[in-house]
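Asker:
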Amino acid sequence: MKDSNFLKEMNARSMWHPMTHPADSHANPPAIITGAAGVRITDIDGHETVDAVGGLWNVNLGFSCQPIKDAIAAQLDVLPYYSTFRGTTNDQVIQLAEELRTFFEPDGLTRAFFTSGGSDSVETALRLARQYHKIRGEAGRTKFLSLKKGYHGTHMGGASVNGNANFRTQYEPLLPGCFHIPAPYTYRNPFKESDPERLAQLCLQALEDEIAFQGAGTIAAFIMEPILGAGGVIPPHASFMPGVREICSRNGILLIADEVITAFGRTGSWSGSRHWGVQPDFMCTAKAITNGYFPFGAVMIAEGVAEVFENDTTGKAAIGHGYTYSGHPVGAAAALACLEETKRLNVPDNAAARGTQLHQGLLELQKKYSLIGDVRGGRGLMCALELVSDQASKTPIDKKTIGALQEATYQAGAMVRVSGPNIILSPPLVLTESDANVILTALDAGFAAVA
Numbered sequence: 001m002k003d004s005n006f007l008k009e010m011n012a013r014s015m016w017h018p019m020t021h022p023a024d025s026h027a028n029p030p031a032i033i034t035g036a037a038g039v040r041i042t043d044i045d046g047h048e049t050v051d052a053v054g055g056l057w058n059v060n061l062g063f064s065c066q067p068i069k070d071a072i073a074a075q076l077d078v079l080p081y082y083s084t085f086r087g088t089t090n091d092q093v094i095q096l097a098e099e100l101r102t103f104f105e106p107d108g109l110t111r112a113f114f115t116s117g118g119s120d121s122v123e124t125a126l127r128l129a130r131q132y133h134k135i136r137g138e139a140g141r142t143k144f145l146s147l148k149k150g151y152h153g154t155h156m157g158g159a160s161v162n163g164n165a166n167f168r169t170q171y172e173p174l175l176p177g178c179f180h181i182p183a184p185y186t187y188r189n190p191f192k193e194s195d196p197e198r199l200a201q202l203c204l205q206a207l208e209d210e211i212a213f214q215g216a217g218t219i220a221a222f223i224m225e226p227i228l229g230a231g232g233v234i235p236p237h238a239s240f241m242p243g244v245r246e247i248c249s250r251n252g253i254l255l256i257a258d259e260v261i262t263a264f265g266r267t268g269s270w271s272g273s274r275h276w277g278v279q280p281d282f283m284c285t286a287k288a289i290t291n292g293y294f295p296f297g298a299v300m301i302a303e304g305v306a307e308v309f310e311n312d313t314t315g316k317a318a319i320g321h322g323y324t325y326s327g328h329p330v331g332a333a334a335a336l337a338c339l340e341e342t343k344r345l346n347v348p349d350n351a352a353a354r355g356t357q358l359h360q361g362l363l364e365l366q367k368k369y370s371l372i373g374d375v376r377g378g379r380g381l382m383c384a385l386e387l388v389s390d391q392a393s394k395t396p397i398d399k400k401t402i403g404a405l406q407e408a409t410y411q412a413g414a415m416v417r418v419s420g421p422n423i424i425l426s427p428p429l430v431l432t433e434s435d436a437n438v439i440l441t442a443l444d445a446g447f448a449a450v451a
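Using UniProt numbering, you'd call the opening residue of the sequence shown number 1 and step up by one each time.
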């Protein structure tokens, strides 16, 4: 191991970091994280903080989940890798598919297609959705609808259905046939509607209008996050996702639930779809499926969709898609152990309790600091603060100020994530009441430093 002076000198010298300008990593060197335990991370200088980011929405069980670490180590000794392409499989992935079938049975999902992560899962669902319609003789159903502010990964298909220009503009032209409707985002929306229920109905009407304009027979699927995550934690009204489900079913359009963030307990329910009482046709999962300890994902598929593929006799259902690491035995072993621990700890209950605590604490901070324009959360352990330089005009905060706030919060004891004008909180689901208080106290210090 090189010494700390070497690591600091070479920090970002030969590596480009995701989601930032290369020059920014030189001007503002990234924090070098060298250790973690429980819900805390430690940097190269020995500074310890509560990780309010949860790795990246994925370390739901914290950094010290020994059963997952043991499962990975044991599997590396037995079968470190083998392909699941046609003709071969492995014992771990067979077991995992059955466990996931049971876990997601209330969501109506009975088959799994394994991937290497969230973006892969989204790409898989988009491709299988188009294929589904081709098998059924509706080859003209190729278009995708999604929400503005939605985030669906960074592959070309995922970027095309993304609803944030930051992930689109520099990579256009993207996939044709992708169209977006307004998100049920009460703080900013084209309808200037602040009532969540009325806004949900306006967005549903916009979906109806877009389907009528495009022609239902040209649309393959609608993809949405049950609670928008990277776009700034936007929980819709309870009527919204059921309304989307009804509209899609009525028009023969598949519903893809992007649950890369929300599956496995983060919303205070076992899945985001279940939280709203909806059964999707596909569900994209990753992140918490292995607690972030191994890159892995799964697309869960509804029974009705599976039957169309499995009953095909034309050959159109042959899946010409997959990844080298689909069904990786080490990832599958990690996922099996993670699922067992996730259920044993019953994490949705704590996610709901700590999420309520954080949300209420953030609302109290809003009373103190005029920089806080909007507080969002209250649906499990995912919250956001949208920061503004002016309350009346809702002018987004400048990059320098929010950067200084993040650093002051970090020095005060909590790692938080900045995304545009938003401070996003997605800590591990095993967070304690005292851990949550540390986050709130550190944020208070951060705001005080820039007020």
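The beta-carbon is built from N, C-alpha and C at its ideal position, and this holds for glycine as well. Remember, predicted model here, so these are calculated numbers, not experimental data.
Can you look up Pro-396 in the DSSP assignment and give me helix, strand or coil?
Answerer: strand
Asker: Enumerate in chain order the residues of its own chain whose CB-to-CB distance from His-26 is below 7 Å, with the five nearest sequence positions on each side excluded.
Answerer: Ala-12.
Asker: Just to confirm, is the Cβ distance from Thr-218 to Arg-141 under 8 Å?
Answerer: yes
Asker: Quick check on DSSP: helix, strand or coil for Gly-118?
Answerer: helix
Asker: Flag this pair as yes or no: are the beta carbons of His-328 and Phe-296 separated by less than 8 Å?
Answerer: Yes, Cβ-Cβ distance for His-328 and Phe-296 is below 8 Å.
Asker: Rounding to the nearest angstrom, what Cα-Cα distance links Gly-380 and Trp-270 in this structure?
Answerer: Rounded to whole angstroms, the gap between the alpha carbons of Gly-380 and Trp-270 is 11 Å.
Asker: Assign Glu-341 to buried or exposed, taking buried as 16 or more other Cβ atoms, counted over all protein chains shown, within 10 Å of its Cβ.
Answerer: buried
Asker: Under 8 Å by Cβ, that's how I've got Gln-66 and Gln-92 pegged, so tell me the actual separation to the nearest angstrom.
Answerer: The Cβ separation is near 18 Å, so there is no contact.
Asker: Does Ala-352 come out as helix, strand or coil in the three-state DSSP assignment?
Answerer: helix
Asker: Where Glu-123 and Arg-130 are concerned, what is the direct C-alpha to C-alpha distance, given to the nearest angstrom?
Answerer: 11 Å
Asker: Please confirm if the region 42-59 is in contact with the region 284-304, defined as three or more CB-CB distances below 8 Å between the two stretches.
Answerer: yes
Asker: Would you tell me roughly how many angstroms separate the C-alpha atoms of Gly-420 and Ser-389, rounded to the nearest one?
Answerer: Roughly 13 Å between the two C-alpha positions.
Asker: How long is the line joining the alpha carbons of Val-50 and Ala-286, rounded to whole angstroms?
Answerer: 23 Å
Asker: So, are the CB atoms of Glu-210 and Phe-179 less than 8 Å apart?
Answerer: yes
Asker: Of the choices Ser-4, Pro-236, Met-19 and Asp-43, whose alpha-carbon is the least far from that of Met-415?
Answerer: Asp-43
Asker: Could you name the residues of the same chain whose beta carbon sits closer than 6 Å to that of Tyr-325, not counting the 5 residues immediately before and after it, in chain order?
Answerer: Taken in chain order, the residues that qualify are Ser-116.
Asker: Which class does Glu-48 belong to by DSSP, given the choice of helix, strand or coil?
Answerer: strand
Asker: Identify whether Ala-165 lies in helix, strand or coil by the three-state DSSP scheme.
Answerer: helix
Asker: What is the DSSP secondary structure of Glu-208, reduced to helix, strand or coil?
Answerer: helix
Asker: Specify the secondary structure class of Ala-412 as computed by DSSP and reduced to three states.
Answerer: coil
Asker: Note down, one range per segment and in chain order, each alpha helix (DSSP H) of at least 4 residues found wholly within the region 34-118.
Answerer: 54-57, 66-78 and 91-103
Asker: Tell me the DSSP secondary structure of Asn-437 in three-state form.
Answerer: It is helical.
Asker: Quick check on the burial criterion: 16 or more other C-beta atoms within 10 angstroms. Buried or exposed for Asp-77?
Answerer: exposed
Asker: I think Ala-200 touches His-152, with their Cβ atoms under 8 Å apart; what is that distance to the nearest whole Å?
Answerer: Their Cβ separation, rounded to whole angstroms, is 21 Å, which puts Ala-200 and His-152 out of contact at 8 Å.
Asker: For Ser-426, tell me which candidate among Ala-31, Ala-52, Ala-216 and Leu-174 has the shortest Cα-Cα distance.
Answerer: Ala-52
Asker: Under 8 Å between the Cβ atoms of Lys-148 and Pro-182?
Answerer: Yes. Within cutoff.
Asker: If you draw a straight line from the alpha carbon of Pro-176 to that of Thr-356, how long is it in whole angstroms?
Answerer: 41 Å
Asker: What are the uninterrupted segments assigned as alpha helix (DSSP H) that are 4 or more residues long and contained completely in the region 130-195, given in chain order?
Answerer: Within the region 130-195, the complete alpha helix (DSSP H) runs of at least 4 residues are 156-161.
Asker: Only counting the same chain, and skipping five residues up and downstream in sequence, which positions put a Cβ closer than 8 Å to that of Asn-166?
Answerer: Gly-420
Asker: Counting pairs of Cβ atoms below 8 Å between the region 349-364 and the region 425-443, do you hit three or more?
Answerer: yes
Asker: In whole angstroms, give me the CA-to-CA distance for Gly-232 and Met-382.
Answerer: 10 Å
Asker: Can you grab the Cα-Cα spacing for the pair Pro-80 / Asn-90, in whole Å?
Answerer: 11 Å
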